[in-house]
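First up is the structure itself, then whatever we jot down about it.
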Amino acid sequence: GGTGKTPVTEKVSNILSKNNISHAILSRGYKSENKNEINIVSDKTGILLKPPYAGDEALMLAKKLKGVPIITGKNRYLTGKFAIENYGVKALILDDGYQHIALERDLNILLIDSSKDFEKEKLTPRGTLREPFKSLERADLILLTKTNHNSKNFKKLCSFIKYYNSTASIEKSLHTPEEIIEFKSGRAFSLSSFKDKKVLAFSAIGDPASFHLSLKEIELNISGFIEFDDHHYYSPEEVNEICRKAEALKAEAIITTEKDIMRNPEIFSFAENLYFLKISISLDEDCIEKTILKHFKSL
């Protein structure tokens, strides 16, 4: 979790749309309360499911990718078949699908968080790896994310990857703070306008350390940082407690991630001075587009 899979899925979708390739996105819908085999989060008519039934990542994509069918369900074969039969799509994007080897695919994109010592990682439960390093050989394109958080590690990591896969293209991406958005008004503020401002931060994401680092990069005065489990749905009591803590700390603002806000925006309706940090992911889209189109045209 926290490598940047969902924003990269968004970029791949935009590349396909730019090239007039009709497609759907298949997501597992992790932590969704909807247990149906096939759940249509959105289609050309708009968003059809609300939290917590959509799944936070699927809902975030639905809000940003207008008109793209987004379907959740554990069985990607069933959801993919449904998308082809009902929407006539030519391509399917599996969000978090590298491990779903039961379904044959034409292009494997692997994301690796370069801010961590990937070479030293262990398999779960001792570490965060879902598969052994040998599984690197399945990748056609490897994206090293958050390279700006550990630029010294880039060459070493590339050499390690090439030991297991000498043919895949290796690209890097940057996670960069872009602006700060006020939740209630939607007004955007420059990062510099929040410099040295006393804030209370909270998040429920896969990599809270990365969020914490981003806040430090823009020189916020972090008076407190509250972490919840990844994909956590906040209760009114928890939001009240966050607001009370901010008041006790005399924080000028409460700040969280865009993903946390989008998961269930209604729950934050009564929170004052609430903001979220908008992060942009920069990568070589031309190179990725060429790789995608090369595989697509070979079919």
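Going by our numbering, the sequence shown opens with residue 65, and the numbers climb by one from there. Virtual Cβ for every residue (Gly too), placed ideally from N, Cα, C. Predicted model, so just to flag it, every value in this text is computed and none were measured.
- Between Ile85 and Ala147 the beta-carbon gap is near 13 Å, outside 8 Å, which marks them as no contact.
- In this structure the segment 276-283 does not touch the segment 292-303; the number of beta carbon pairs closer than 8 Å is below three.
- Looking at the DSSP output, Asp107 shares a beta bridge with Gly110.
- The DSSP assignment places 205-209, 233-246 and 262-267 as complete runs of the beta strand (DSSP E) inside the segment 199-272, in order along the chain (cut-off: 3 residues).
- Ser346 is positioned such that its CB atom lies closer than 8 Å to that of Leu238.
- With contacts defined as CB atoms closer than 8 Å, Leu205 and Ile173 qualify as a contacting pair.
- When C-beta atoms of the segment 125-140 are compared with those of the segment 187-203, fewer than three pairs fall below 8 Å, so the two segments do not count as touching.
- Val153 places its beta carbon less than 8 Å from that of His87.
- Taking all protein chains shown into account, Phe334 has fewer than 16 neighbouring C-beta atoms within 10 Å of its C-beta and is therefore exposed.
- Between Ala310 and Phe289, the alpha-carbon positions lie close to 10 Å from each other.
- When the Cα atoms are used, Ala315 and Tyr339 turn out to be separated by approximately 12 Å.
- Straight through space, the alpha carbons of Arg327 and Asp293 are spaced by roughly 13 Å.
- For Phe146, there is no enclosing beta strand (DSSP E); the enclosing alpha helix (DSSP H) has its first and last residue at Arg140 to Tyr151.
- The distance from the Cβ of Tyr228 to that of Leu208 is about 14 Å, inconsistent with a contact at the 8 Å cut-off.
- Looking at the backbone, the Cα of Lys216 and that of Phe258 are separated by about 29 Å.
- Here the alpha carbons of Phe197 and Leu187 stand approximately 9 Å from one another.
- Contiguous beta strand (DSSP E) elements confined to the segment 299-342 occur at 317-321, taking only those with 3 or more residues.
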